[in-house]
Amino acid sequence: MTISPVRPSPAAARPPDGPRHTLLRRLRDSVLTPRTAIVGICAVVVGYLAIVPLYYLLWGTFFGANGFTVSGFAEAFGSDSLAGPMMVNSLEFAIGSALLALVLGAALAWVQVRTDAPFKGLFFAASLVPLIIPALLYSIAWIFLADPHTGVLNTALGGPVLNIFSMPGMIWVQGLHLSPIAFLLMVSAFRAMDPSLEEAALMSGASRLKVLRKVTAPLMRPAIIASVLLVFVQSMESFEVPAIIGLQARIYVFTSRIYNVLQIYPIDYREAGALAVVLLAIAACAVLLSSWLSRHGSRYQTITGKGFRPRPVELGRARPWVGAAVIAYFVVTVALPVAVLLWASLLPYYQAPSGKALESVTLKNYDAVLHMPQALTSFRNSVVLGVGAATVVMFLTAVVAWLIVRTRVPGRRGLDVLASSPLVIPGLVMGLAILFVYLRSPLPVYGTLWILLISYATRYLPYGMRYAVTAMSQVNTELEESAMVSGASWWQTFRRIVAPLMSSGILAGWVYILVVSFRELSSTILLYSPGKEVLSILLWEQFNNGNLTVVAAIGVLMVVTLMLLVGIAYRVGLRFGADADS
Amino acid sequence: MRPSIRPVHAPLIALAAVLLAGCGGSPTAAPAGGGGAGKGQTAQLRKYAAMPDDRLVAAAKKEGTVQIYGSDSSIQENIAAFEKKYGIKVQSYRADSEDVLQRVLQESGAGRLPADLVDTNGGELLTMASKGVLADYGDTRVTKQLRPGSVHPGWVATRYDAFVVAWNTNKVTDPPKSWQDLASPRFKGQLELEQDDWDWYLGLHDYLTTKLGWTTKQADGFFTRLAANAKVVKGHTVQAQLLDSGQVGISPESYKHLIDQDHFEKKAPVVWQPPIAPVLYRPNGIGLTKTAPHPAAAVLYMKWALTDGQKLVVDQYRDPANLSVKARNPVPKGTAIYDIPIDQMTHDGTKWSEAWQRLLQNAPSAGKN
Chain A
341 MTISPVRPSP AAARPPDGPR HTLLRRLRDS VLTPRTAIVG ICAVVVGYLA
391 IVPLYYLLWG TFFGANGFTV SGFAEAFGSD SLAGPMMVNS LEFAIGSALL
441 ALVLGAALAW VQVRTDAPFK GLFFAASLVP LIIPALLYSI AWIFLADPHT
491 GVLNTALGGP VLNIFSMPGM IWVQGLHLSP IAFLLMVSAF RAMDPSLEEA
541 ALMSGASRLK VLRKVTAPLM RPAIIASVLL VFVQSMESFE VPAIIGLQAR
591 IYVFTSRIYN VLQIYPIDYR EAGALAVVLL AIAACAVLLS SWLSRHGSRY
641 QTITGKGFRP RPVELGRARP WVGAAVIAYF VVTVALPVAV LLWASLLPYY
691 QAPSGKALES VTLKNYDAVL HMPQALTSFR NSVVLGVGAA TVVMFLTAVV
741 AWLIVRTRVP GRRGLDVLAS SPLVIPGLVM GLAILFVYLR SPLPVYGTLW
791 ILLISYATRY LPYGMRYAVT AMSQVNTELE ESAMVSGASW WQTFRRIVAP
841 LMSSGILAGW VYILVVSFRE LSSTILLYSP GKEVLSILLW EQFNNGNLTV
891 VAAIGVLMVV TLMLLVGIAY RVGLRFGADA DS
Chain B
130 MRPSIRPVHA PLIALAAVLL AGCGGSPTAA PAGGGGAGKG QTAQLRKYAA
180 MPDDRLVAAA KKEGTVQIYG SDSSIQENIA AFEKKYGIKV QSYRADSEDV
230 LQRVLQESGA GRLPADLVDT NGGELLTMAS KGVLADYGDT RVTKQLRPGS
280 VHPGWVATRY DAFVVAWNTN KVTDPPKSWQ DLASPRFKGQ LELEQDDWDW
330 YLGLHDYLTT KLGWTTKQAD GFFTRLAANA KVVKGHTVQA QLLDSGQVGI
380 SPESYKHLID QDHFEKKAPV VWQPPIAPVL YRPNGIGLTK TAPHPAAAVL
430 YMKWALTDGQ KLVVDQYRDP ANLSVKARNP VPKGTAIYDI PIDQMTHDGT
480 KWSEAWQRLL QNAPSAGKN
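Residue numbers (this note's numbering), protein chains in the order written: chain A, 341 to 922; chain B, 130 to 498.
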């Protein structure tokens with residue numbers, strides 16, 4: 341582990357009383373302060389949450405009945421495993437999706453925060469709906485839209501113009517589906533960025549492109565890196581698009597492989613583990629790379645003591661065009677898939693829109709949902725868990741982000757990598773690990789909602805980390821120093837100064853976790869207990885029953901509920917200092 | 130199968146204990162099945178199985194509740210019917226068969242299995258039985274009514290998933306007449322095969338070679354041609370949906386009950402008759418756990434599932450194990466039914482699933498034909 345030459349961060353490196361101390365001295369001074377206690381406890385909790393599944397994964401991968409083994413790797417990457425082309429496909433898919441998501445997310449975030457573009461209200465839906473719709477339904481919706489033979493869009497275009505069953509098709513669906521991750525991250529970063537730097541560059545005669553390249557992009561680097569990292573790793577790891585679209589296109593990726601291994605009976609956990617360990621290594625490199633790229637921390641600190649009020653860029657003649665682009669994005673990511681979902685939810689079985697199909701429109705599916713015995717409990721449990729997990733994760737990661745960005749405590753990079761590891765651990769493996777521990781733990785967690793909360797907190801830790809670290813890198817240390825100098829305790833400073841300044845990023849992370857936790861299934865299904873069902877279990881049940889149209893109805897209800905919840909969250913966030921632009 | 134629970138996990142447990150001990154909490158939290166109760170409980174189960182109905186029902190009502198783990202997604206309807214009839218509360222955990230298996234093995238390994246019954250696929254039940262989790266059920270008053278071969282050590286088949294060749298009547302006007310026909314070029318690009326249906330592949334391959342006397346080479350050639358006609362899809366629900374909406378013409382290994390449900394209930398243009406023989410059967414069943422905390426209610430549920438509960442099986446268009454109950458749209462007399470050899474599934478699963486994957490890798494890509 342290298343400790344890169346970070347500019348000594350005054351708050352941590354130098355106690356308010358004076359000159360630089362040696363590491364030992366600092367440690368001794370800082371032990372037993374509330375700061376150490378809070379940061380320490382959060383770091384331990386984060387470490388603990390991440391270690392449980394990681395240990396289980398590594399142990400299961402490397403240790404067999406006869407001790408240490410690497411046989412899983414031989415099976416996973418041996419000559420018979422088709423691993424080579426699969427890796428190439430995976431990388432192509434993940435990089436393509438990450439770039440598409442980044443370009444879309446960044447462009448839209450810029451338009452949203454920094455311009456006077458019209459229709460900004462649409463962004464609220466555009467930033468959420470793709471997250472809410474389960475990837476499975478999102479993929480199916482796109483098949484119905486762009487199947488080369490029967491797709492609605494191709495029918496409208498008069499021929500097989502679009503082919504969803506291709507690598508570009510897969511990247512398109514995945515990139516669109518994940519673009520909100522990038523959007524949410526970039527919006528909070530743009531909000532935290534003082535535009536006077538760009539204005540200064542413009543005044544000095546730089547062209548718009550040059551400003552973008554030399555000023556904006558470098559300032560946004562932490563957010564760009566975090567977005568690419570999250571979308572890249574998630575694309576390497578997610579299996580819905582590869583399974584629903586990739587299989588039909590005969591394009592096999594890494595996760596179709598993990599998924600296959602987990603489907604084959606009996607499950608070869610060592611082989612699945614070997615595949616996951618390789619993903620883990622890739623993700624760890626990515627995390628280390630991102631912290632290395634962000635090593636000159638102070639360069640990104642744009643939240644300073646100086647107040648700034650971004651003046652929106654006047655788009656002028658470009659305004660109608662940008663407006664049209666906003667509408668196009670909204671139509672493609674939100675309106676079309678939701679329309680397909682809504683249409684499907686009103687039919688007994690899916691049919692392409694036609695006069696005949698219109699005759700069979702019915703509300704039966706909604707009736708079925710409302711009459712499910714556990715609909716209400718599941719709904720409540722999902723809300724409780726979503727809000728709980730989002731709050732716990734963002735609190736923990738905000739504190740740990742301070743530790744990682746602000747201090748030079750040895751091992752902080754390791755903690756960052758560790759906290760990112762749940763990103764690549766297959767949900768089933770994570771479920772098994774948590775099941776294993778809490779079946780034997782003296783804590784009364786097993787058989788309650790708590791075990792699901794622990795599972796969700798673990799699962800979404802990496803997302804919280806990226807949102808929190810990105811937000812923290814933008815807050816200049818001088819504000820903390822001022823507070824400390826004025827006599828505020830560390831906790832007061834953190835609560836009153838740091839957290840509000842990070843609030844935009846924290847809120848974005850909170851929203852993301854709330855929304856995605858509603859559809860978590862792979863570990864939930866192992867861990868829930870009778871009477872503790874959540875919405876994703878109901879979705880799974882209906883899907884398995886062959887009631888795709890009922891699933892669509894639940895999907896529509898989820899979209900409505902989460903939009904309401906997030907709307908409330910933004911309202912509350914406004915009070916605590918998060919900016920809003922629309 | 131690699132056991133998922135080993136003593137070497139001690140560091141993980143220790144870690145959990147150390148980190149959590151400070152937080153307090155009682156040593157036993159959830160109601161547990163109890164580890165050492167196995168032997169006595171098996172005798173209890175036998176005793177209740179031999180009891181006359183009225184006494185069994187009284188004993189079950191006294192227990193008041195029963196817990197069931199199942200992968201059958203329509204289990205809710207069964208539970209509602211059972212609760213209505215006996216006034217005994219049923220708690221259920223539903224998950225994919227693999228998750229149910231993992232959960233049962235993990236919980237019984239920790240001595241905390243709260244389930245009285247497990248209702249899932251034959252293959253998983255076979256594994257649970259081999260791990261000694263399940264108790265035999267041999268009430269001949271009930272089992273003599275069942276299709277031969279339905280009673281296994283530790284579990285009893287309650288219904289059979291039937292694999293049929295189904296097609297969309299709007300898309301396919303001249304339906305396939307035989308397996309060879311299905312693999313002929315006239316159906317190029319019209320078929321869909323399901324990603325994980327290697328057990329069907331195993332069953333049909335076995336039938337073609339052992340019953341019809343094909344050579345392995347002939348069978349392999351047939352499957353290669355079949356795959357060349359097909360797209361690959363994920364999941365039987367998606368498969369049925371694509372067939373209903375006419376995105377594909379023919380599914381050679383559809384679940385018969387899904388096709389019948391869509392045909393009769395939703396009026397989708399999909400049929401499987403006249404059938405191509407054989408129709409492949411794969412059992413689903415139910416087993417009593419040796420540690421059942423509610424043995425009387427568990428035995429009562431078991432008995433009910435194999436008798437009165439069979440009407441619900443039929444209502445879902447599934448094929449019941451109890452021969453005195455008539456299937457709604459049964460396989461016509463004279464059409465061969467072949468049981469997928471589930472012992473091979475558990476022993477040679479890896480071999481067959483990998484062969485199936487290789488076969489599908491060579492199938493053409495959707496959108497290119």
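Positions of the beta carbon are idealized from the N, C-alpha and C atoms, including for glycine.
Beta-carbon contacts of residue i that lie in its chain and below 6 Å, excluding the five residues immediately before and after
{"i": "A/Pro474", "result": "Arg859"}
{"i": "A/Leu569", "result": "Ala626, Ser630"}
{"i": "B/Ala434", "result": "Thr287, Ile415"}
{"i": "A/Tyr396", "result": "Ala773"}
{"i": "B/Gly478", "result": "none"}
{"i": "A/Arg375", "result": "Trp830"}
Span of the alpha helix (DSSP H) around residue i
{"i": "A/Thr802", "result": "With the sequence shown as reference, residue 802 of chain A is identified as Pro, and Thr is not the correct amino acid for it. Element bounds for A/Pro802: 789-814."}
{"i": "A/Thr817", "result": "817-825"}
{"i": "A/Thr401", "result": "374-402"}
{"i": "A/Ser631", "result": "609-633"}
{"i": "A/Ser718", "result": "715-746"}
{"i": "A/Arg780", "result": "767-780"}
Close Cβ partners of residue i (< 7 Å) along its chain, the five nearest in sequence each way excluded
{"i": "A/Phe523", "result": "Gly445, Leu448, Ala449, Ser467"}
{"i": "A/Val727", "result": "Leu854"}
{"i": "B/Gln368", "result": "Glu321, Glu323, Val362, Ser380, Ser383"}
Through-space distance from residue j to residue i, alpha-carbon basis
{"i": "A/Ala589", "j": "A/Phe834", "result": "51 Å"}
{"i": "B/Gly154", "j": "A/Leu779", "result": "Annotation note: pLDDT 33 at B/Gly154 (below 50); position unreliable, no value reported."}
{"i": "B/Pro243", "j": "A/Val392", "result": "24 Å"}
{"i": "B/Ile466", "j": "B/Arg411", "result": "10 Å"}
{"i": "B/Trp270", "j": "A/Thr731", "result": "It should be pointed out that residue 270 of chain B corresponds to Arg in this sequence rather than to Trp. Taking the straight line joining both Cα atoms gives about 57 Å."}
{"i": "B/Leu246", "j": "B/Ala356", "result": "39 Å"}
{"i": "A/Ile622", "j": "A/Met576", "result": "10 Å"}
{"i": "A/Ser761", "j": "B/Lys340", "result": "51 Å"}
{"i": "A/Gly871", "j": "A/Gln714", "result": "8 Å"}
{"i": "A/Ile894", "j": "A/Phe776", "result": "32 Å"}
{"i": "A/Arg806", "j": "B/Ala425", "result": "53 Å"}
{"i": "B/Lys581", "j": "B/Ser307", "result": "Past the edges of chain B, shown from 130 to 498, lies residue 581 of chain B, and the structure says nothing about it."}
{"i": "A/Ile521", "j": "A/Phe572", "result": "11 Å"}
{"i": "A/Thr373", "j": "A/Trp399", "result": "37 Å"}
{"i": "B/Val400", "j": "B/Glu206", "result": "25 Å"}
{"i": "B/Gly332", "j": "B/Ala484", "result": "13 Å"}
{"i": "B/Val229", "j": "A/Thr810", "result": "40 Å"}
For residue i, the first and last residue of its enclosing beta strand (DSSP E)
{"i": "B/Trp284", "result": "284-297"}
{"i": "B/Leu320", "result": "320-323"}
{"i": "B/Leu409", "result": "408-418"}
{"i": "B/Pro381", "result": "379-384"}
{"i": "B/Val362", "result": "359-362"}
Nearest-angstrom beta carbon gap, residue j and residue i [assumed within contact, 8 Å]
{"i": "B/Ile469", "j": "B/Val294", "result": "So it is not a contact: roughly 16 Å between Cβ atoms."}
{"i": "A/Leu615", "j": "A/Ala416", "result": "5 Å"}
{"i": "A/Val856", "j": "A/Leu789", "result": "No, A/Val856 and A/Leu789 are not in contact; Cβ-Cβ is about 18 Å, not under 8 Å."}
Cβ shell of residue i (< 8 Å), same chain only, five flanking positions each side left out
{"i": "B/Ala159", "result": "Legend: pLDDT at B/Ala159 = 34, less than 50; position of this residue unreliable, value from coordinates given subsequently. The answer, listed in chain order, is Arg241, Pro243."}
{"i": "A/Phe403", "result": "Thr409"}
beta-carbon residue i near the ligand NAD non-hydrogen atom, thresh 7 Å
{"i": "A/Asp608", "result": "This structure simply doesn't include the ligand NAD, nor any ligand for that matter."}
Fill in: the segment 345-378 of chain B: positions lying closer than 9 Å to chain A by Cβ
Lys360, Val361, Val362, Lys363, Gly364, His365, Thr366, Val367, Ala369, Gln370, Leu371, Asp373, Ser374, Gly375, Gln376
Item to complete: Quick one: which residues of the segment 855-876 of chain A get their C-beta closer than 8 Å to a C-beta of chain B? List them in chain order.
Response: Using a CB distance below 8 Å, the part of the segment 855-876 of chain A facing chain B consists of Ile865, Leu866, Tyr868, Ser869, Pro870, Gly871, ordered along the chain.
Worksheet item: According to a CB-to-CB cut-off of less than 8 Å, which residues of the segment 197-230 of chain B neighbour chain A?
Response: In summary, the residues of the segment 197-230 of chain B whose CB is separated from some CB of chain A by less than 8 Å are Ser202, Ser203, Gln205, Ala209, Gln220, Ser221, Tyr222, Arg223, Ala224, Asp225, Glu227, Asp228, in the order they occur in the chain.
Worksheet item: Going along the chain, which residues of the segment 758-791 of chain A sit with their C-beta nearer than 9 Å to a C-beta in chain B?
Response: Leu768, Gly771, Leu772, Ala773, Leu775, Phe776, Val777, Tyr778, Leu779, Arg780, Ser781, Pro782, Leu783, Pro784, Val785, Tyr786, Gly787, Thr788
Item to complete: Residues of the segment 386-398 of chain B with a CB closer than 9 Å to any CB of chain A: list them in chain order, please.
Response: His386, Leu387, Gln390, Asp391, Glu394, Lys395, Lys396, Ala397
Item to complete: Closer than 8 Å, Cβ to Cβ, to anything on chain B: give me those residues from the segment 670-692 of chain A, in chain order.
Response: Pro688, Tyr689, Tyr690, Gln691, Ala692
Fill in: Contact set between the segment 231-252 of chain B and chain A, restricted to residues whose Cβ is under 7 Å from the partner
Gln231, Arg232, Gln235, Glu236, Ala239, Arg241, Gly252
Practice prompt. Check each residue of the segment 885-905 of chain A: if its Cβ is closer than 7 Å to any Cβ of chain B, include it; give the result in chain order.
Written response: Asn885, Gly886, Leu888
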